Every structure is written in C-alpha cells, then in structure tokens.
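Protein chains in written order, with my numbering: chain B, 164 to 507; chain E, 164 to 507.
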C-alpha cells in the first residue's frame with residue numbers, strides 16, 4: 164500500500180472537488196491509501212456522496228484553511244491548517260510518500276522549504292509543470308515561478324531535477340535539456356544565461372542541447388526547458404493566455420453561422436480530441452521539485468479529474484524513484500566542483 | 164507625397180516578396196512614394212512583372228546584402244548594403260519619413276542606434292510588436308528583444324514609447340499600461356520590477372494599471388505591456404509556439420476522419436476568419452521605437468501581404484505623428500527628475 168496525503172481544503176472547489184477526485188483515484192489504483200487533511204465534518208459530508216473502500220482512506224481533522232491571500236510565511240506558522248498539518252505528517256511519517264495540494268502556490272513552496280525540507284545539496288525548490296507539445300508529448304518547464312531571482316547553480320540544479328522528473332514521470336531515457344533564452348546562439352542572453360550555458364555544457368549526466376526559445380516549449384524538440392522562475396512564469400502564462408484566446412476565438416467562429424454550426428456537429432469528435440490534446444491539466448499539476456518527498460501542486464481551479472490525475476502522477480513518480488534519482492544525479496554532477504563558490 | 168525607404172534585400176523571400184509588397188502598397192495609397200535599396204538588376208527584374216506607377220518608385224543600387232548570420236556591428240560598417248544605405252539616406256534626407264526592412268533584427272537595431280540615432284533623451288530603442296488579443300484588438304509588447312538587460316529608466320521609457328504608438332497606430336486615447344511580472348501583486352518580481360512599478364505609478368501621462376501576467380498579453384484588458392527584452396522575447400515566442408501547436412493540432416484533427424472532413428468543409432469560412440483573427444502579421448511587423456524616425460521590422464519570412472502591411476503601418480503612424488508624440492510625452496514625464504541617476 165502506498166500512502167499519499169491530500170490537502171482537502173486547497174483550491175477554489177475544495178473540499179467537494181478534492182474529495183470526488185480522491186474517490187476516483189482510490190478506484191483507479193488499488194494500492195493507494197489516502198490521508199485527507201481538513202475540516203472533518205465537511206469532508207465526511209462530501210465522502211458520504213460516494214461509494215469507496217473505507218479501509219483505504221483516513222481523515223485528519225484540521226480546523227484552519229489557508230486563504231489565497233495569506234502571506235506564505237504566516238501560513239507556515241499555522242500548524243492547524245490542512246496544508247501545513249499535511250506537511251508536518253509528511254515530514255515525520257516515513258511511510259507517507261508524497262503530498263498533493265491545490266492550495267496557494269506560495270504556501271506550498273513555503274511549507275516545502277520550511278517544514279518538509281530540501282534534498283541535501285539543493286539550494287531552492289522549483290515548480291515544474293508538464294506542458295503539452297506538438298509531438299503529442301510534454302515539455303517540462305523548470306522553474307516556472309518559485310524563484311524570481313536565480314543564480315547559475317540554481318539553474319543547473321533545475322536541469323538535474325527536471326531531468327530526473329522526465330525519467331521518473333515520462334520514461335525519457337536521456338532527456339534533452341535546453342536553456343530558455345532570447346535566441347539560440349551560444350552568446351545570447353544576460354550574464355546569468357551566458358554563465359549557466361557554460362556550466363550546463365560541462366555537466367555530467369545532463370543531455371544539454373543548448374539554448375532554446377519560448378516557441379520550443381510547445382513547438383520544439385526538447386524535453387526539459389530550464390528557466391529562472393520569472394521567465395518560466397512569463398512563458399507558462401503567455402502560453403495559457405494564447406491557448407485561451409484561440410479556444411475562445413474558435414468557439415465564437417464555430418457558432419457564427421448555420422454552416423459553421425453544422426460543420427461543428429460533424430467535427431464534434433475531432434474538436435473534443437483536439438481539446439484533450441491541449442489539456443494542460445491532463446498531466447496532473449506541477450511538481451515542486453527539490454524537496455525530500457514528492458509534492459504535487461494541482462491547479463487552484465482543479466476539477467475532480469485534475470485532482471485524480473495529480474494523485475496518480477504523484478504516486479507514479481514516487482514508485483519510479485524520483486527522489487533517489489535526483490540524489491544519484493546530483494552526486495554524479497558534482498556541482499560544488501564545477502561552479503566556483505562566488506558564482507553560485 | 165510621403166516618402167518611405169524600403170530595404171529591398173532583407174528577409175527570406177527578398178527581393179521577390181519585397182517588390183510585390185511594394186507594388187501592392189503603391190496601389191493602396193496614392194500618396195506614397197517608395198525608395199527601394201538593393202541590387203538594381205534583381206529588383207528591376209521583379210518590378211517588370213507588375214504594372215505600377217513608375218513615377219512613385221525609385222531604386223538605389225546597393226551591391227551588398229547583410230546575411231542573417233553577420234554580426235550587427237560588422238553589418239553597420241558596410242555602407243553598401245541595402246539596409247545600411249537605407250539608414251544613411253533616412254538620416255540625411257529630411258523628406259524620407261521612415262524605413263521598412265524584413266532583414267536581420269540585430270542589424271536593424273544596430274543601424275537604428277548607430278546611424279539614424281535615438282530621440283533626444285531615449286536611452287535605448289525597443290522592439291514593439293502588436294499582438295492580437297481576445298478583444299479583437301492588439302496588445303503592444305515593448306521591449307521584445309532589443310535589450311536583454313534593462314534598468315528601470317529604460318522600462319519607464321518603453322512605457323512612453325509604446326503608449327505613443329498605441330495612440331498613433333491604434334487610436335487609443337488613454338492606453339492602459341501594464342508591467343509584465345510573475346504575479347499581479349504590487350510587491351511581485353525582482354528588484355527591477357519592484358522599482359519600475361514605483362516609477363510607473365508616479366509617471367505623468369502614463370495610464371499605469373499595475374502588474375500584468377503573461378496571460379494578459381492575449382487574454383487581458385491592457386493596451387501596452389512593458390517588459391525587458393529578455394522576458395518580452397520569451398513571452399512573444401512562447402505565444403508563437405503555442406499558436407503554431409494549436410493550429411497544427413487542429414489541422415491534424417480536422418482531417419482525421421470523413422466526418423471531420425465534411426465538417427471542415429462546412430466550417431471553411433469560420434476557420435478562415437479564425438485564422439485571420441490570429442494573424443500575427445496583420446498589423447505589419449514590429450516597430451523599432453525610440454529612433455528619430457519611424458522604423459518597422461517586418462518578419463524575416465514576410466510574404467508580400469506582410470510587406471504591404473508594414474509599409475501601410477509605417478506610413479500611418481508617421482502621419483499620426485508618432486515621433487512628436489513621443490517627444491511631447493517625454494517632456495511631460497520628466498524622467499530625469501523622477502528617477503535618481505544611480506537607479507537608472
């Protein structure tokens with residue numbers, strides 16, 4: 164039995180969507196055991212709506228909920244909140260393998276750093292979503308918001324973290340790593356990019372293919388895109404906005420005339436498949452990489468299917484040994500030797 | 164008669180697409196006079212394919228062409244190239260109002276800075292494309308690649324430049340200006356963003372609405388998005404890649420079954436209108452703002468219609484007084500007083 168802990172109160176649709184997603188995940192995986200933290204009476208009321216295996220679910224009553232506007236450091240101090248209580252259990256109990264939360268990103272990062280703790284040697288955790296690409300696969304974008312300011316050593320570690328994720332999460336054997344830059348030539352970018360380029364080129368065990376541009380995230384041939392959290396966040400959200408605009412434009416045009424409406428009926432299946440191919444939630448949230456255990460941040464607006472996917476994702480990468488893989492790769496890379504301390 | 168100068172040899176499809184676009188632009192605007200720089204015999208051979216008003220076109224023979232791989236500073240030294248010869252004429256001849264080129268971005272920026280020169284007080288020119296948004300309008304993204312590293316004063320000037328462009332190019336009376344950041348809260352981002360936020364809030368004549376995120380470029384309610392050239396470039400190219408992926412996925416799905424094919428026939432008009440709404444070239448290239456005259460960079464892969472649009476765009480913003488508008492706004496803003504010299 165693999166034990167996961169689920170923040171029952173995180174996200175816009177909590178606890179209803181969280182509980183429904185949890186029940187779905189329990190049905191899909193017979194070796195999953197779930198601990199849900201949150202307001203026991205609310206969660207029980209939701210659970211009462213479904214049939215499920217009661218021996219594989221457990222509720223830990225937490226009276227408090229972190230609001231989306233609470234400051235992350237304040238949030239960490241409240242041990243009674245569903246998220247921080249989950250982090251404390253995750254830290255203390257060896258047999259819990261990971262955490263899923265749709266709560267505030269800032270609080271999830273703060274709790275990860277301050278309660279659970281980082282893998283030995285890792286400077287900062289990083290957020291890493293899997294973004295659909297034109298090859299019917301995904302591109303991992305790391306970091307996309309945890310660290311607005313970065314140093315070269317952090318970007319090099321993001322390459323390690325996301326390469327391990329590409330292996331453990333998506334079965335890539337030698338994932339291609341690109342550095343997000345404003346052009347593909349070696350000399351491109353600011354000093355941060357130029358230095359990082361040099362170190363990434365020399366790193367053992369990293370399949371560095373050079374600089375990549377924003378367009379390569381969706382339309383290139385790269386598995387891992389390394390970015391500081393500022394640029395990664397800009398890229399991720401620009402892509403989200405573009406996809407939303409195009410789908411809105413499509414909807415408007417496809418209902419704009421009787422002919423288009425008839426056409427849309429014929430194309431129902433194709434449109435559905437297309438939307439599925441573009442579903443950013445399909446891969447189950449973003450990983451918060453660099454921590455001692457698997458932590459998955461599900462989108463704040465997650466519906467039950469996204470929660471179930473996040474749970475499935477967390478379980479699968481735990482089983483595929485994400486954390487030992489990161490430790491192995493870090494040892495091989497030997498960043499301390501590669502990067503002078505004053506350039507870290 | 165308004166005189167424009169056109170780089171006849173810039174871009175992947177030169178001179179054929181440039182000449183065809185020029186002829187189209189001459190037909191569309193009876194008050195346009197065009198000077199085309201480049202290899203005279205090649206340009207004449209292309210011109211011979213069309214009927215046009217020979218009294219409104221002139222060729223200046225330039226034997227050299229700047230390659231996409233030539234370094235910009237090398238390129239500037241070659242006065243015989245179609246682009247740099249055009250810049251020298253633009254600088255020297257008062258009655259030429261602007262330049263259009265589909266050549267290398269680096270060379271266009273270098274020539275603009277080193278030959279034509281900046282508007283008095285402007286620290287650096289900035290590239291500013293118009294990006295389609297969900298409201299059937301455009302969002303101006305400034306800078307998107309000319310300056311990988313920026314200081315607050317530069318970002319403040321980009322706000323002035325793009326606000327003037329929104330007025331002269333798109334008839335916006337009080338354009339909304341947002342600062343591209345990794346979140347909307349006031350304290351978000353690195354010190355560059357935090358300082359710039361403060362100055363933008365205090366600037367006279369700028370309608371600053373606060374921080375915006377990547378998604379607001381396509382899907383928000385903002386006219387001008389201010390960014391350093393690195394983040395702006397990442398955003399622009401992420402959007403390009405996303406749009407390409409979605410159109411490719413659509414094409415694949417819409418030809419995936421007989422039903423979808425029939426549907427696509429019915430939807431032909433709607434699909435065409437949708438693609439037109441998403442056409443990034445519709446607004447005629449990116450402006451290189453901050454120079455003494457109007458300079459438009461057309462996409463390297465520009466087809467004749469894009470070249471014609473770039474010419475139309477250059478002409479229209481010249482006629483609407485872009486340069487005097489920038490000078491007026493700069494004088495009102497009085498950045499020298501607002502920003503301490505050591506924070507520039």
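Quick reminder that beta carbons are idealized off the backbone N, C-alpha and C, glycines included. Note that the structure is a prediction, hence the values are computed from the model and not measured.
Exercise. Mind checking if residue 238/E is an interface residue toward chain B, Cβ cutoff 8 Å exclusive?
Worked result: no
Exercise. Expressed to the nearest angstrom, what Euclidean distance is found between the alpha-carbon atoms of residue 307/E and residue 303/B?
Worked result: 24 Å
Exercise. Ends of the beta strand (DSSP E) at residue 196/B?
Worked result: 195-201
Problem set entry | Alpha carbon of residue 265/E to alpha carbon of residue 395/B, nearest angstrom | 29 Å
Exercise. According to DSSP, is residue 309/E helix, strand or coil?
Worked result: coil
Exercise. Do you know how far the Cα of residue 462/E is from the Cα of residue 338/E?
Worked result: 25 Å
Exercise. Can you tell me whether residue 240/E is buried or exposed, with buried defined as 16 or more other CB within 10 angstroms of its CB?
Worked result: exposed
For this session: Determine, using beta carbons only, whether residue 189/B comes closer than 8 Å to chain E.
Result: no
Problem set entry | Close-in-space but distant-in-sequence residues of the same chain around residue 221/E (CB under 6 Å, 5 per side omitted) | 198
Problem set entry | Nearest residue (CA-CA) to residue 179/E, options 191/E, 164/E, 204/E and 190/E | 204/E
For this session: Alpha carbon to alpha carbon, how far is residue 418/E from residue 249/B? Give it in angstroms, no decimals.
Result: 48 Å
Problem set entry | Reduced DSSP category for residue 240/B - H, G, I as helix; E, B as strand; rest coil | helix
For this session: Note down, in chain order, each residue of its chain lying with its Cβ closer than 6 Å to the Cβ of residue 238/E, except the 5 sequence neighbours on either side.
Result: 229 and 270
For this session: Inspect the CB distances between the stretch 387-401 of chain E and the stretch 321-330 of chain E and report whether three or more fall short of 8 Å.
Result: yes
Problem set entry | Residues sharing a beta bridge with residue 281/E, DSSP | 454/E
Exercise. Is residue 339/B helix, strand or coil when you go by DSSP?
Worked result: strand
Exercise. Roughly how many angstroms separate the alpha carbons of residue 298/E and residue 391/E, rounded to a whole number?
Worked result: 25 Å
Exercise. So, are the CB atoms of residue 273/B and residue 352/E less than 8 Å apart?
Worked result: no
For this session: List the whole-angstrom C-beta distance separating residue 344/E from residue 376/E, where the pair is believed to meet the contact cut-off of C-beta under 8 Å.
Result: 7 Å
For this session: Could you tell me whether the stretch 173-192 of chain E touches the stretch 457-477 of chain E, using the rule of 3 or more Cβ pairs below 8 Å?
Result: yes
Exercise. How is the alpha helix (DSSP H) around residue 264/B delimited, first residue to last?
Worked result: Careful: residue 264/B lies outside any alpha helix (DSSP H), inside the beta strand (DSSP E) at 259-264.
Exercise. So, is residue 336/E buried or exposed, given that buried needs 16 or more other C-beta atoms within 10 angstroms?
Worked result: exposed
Exercise. Per DSSP, residue 460/E is paired with what?
Worked result: 264/E and 449/E
Problem set entry | the stretch 354-363 of chain E / the stretch 487-497 of chain E touching (three or more Cβ pairs under 8 Å) | no
Exercise. Considering only C-alpha positions, which residue in the set 280/B, 341/B and 168/B is nearest to residue 260/B?
Worked result: 168/B
For this session: Tell whether a beta-carbon distance below 8 Å holds between residue 233/E and residue 243/E.
Result: no
Exercise. Under a three-way DSSP split, which group does residue 216/E fall into?
Worked result: coil
Exercise. So, residue 423/E versus residue 393/B, is the Cβ gap smaller than 8 Å?
Worked result: no
For this session: Scan the stretch 392-407 of chain B for residues whose Cβ lies nearer than 8 Å to a Cβ of chain E and list them as they occur along the chain.
Result: 392, 393, 394, 396, 397, 398, 399, 400, 401, 402, 403, 404, 405, 406 and 407
Exercise. Which of the residues in the stretch 326-354 of chain B, read from start to end, lie with their CB under 7 Å from any CB of chain E?
Worked result: 343, 345, 352 and 353
Exercise. Contact check, residue 498/E vs residue 316/E under 8 Å by CB: the rounded distance?
Worked result: 6 Å
Exercise. How would you label residue 465/E, buried or exposed, when you count the other beta carbons within 10 angstroms and need 16 or more for buried?
Worked result: buried
For this session: Would you kindly report the start and end of the unbroken beta strand (DSSP E) that includes residue 211/E?
Result: No beta strand (DSSP E) holds residue 211/E; DSSP gives it neither H nor E.
Problem set entry | Endpoints, the beta strand (DSSP E) within which residue 387/B is located | 387-389
Exercise. Any idea what DSSP makes of residue 405/E, helix, strand or coil?
Worked result: helix
Exercise. By how many angstroms is the C-alpha of residue 258/E removed from the C-alpha of residue 427/E?
Worked result: 51 Å
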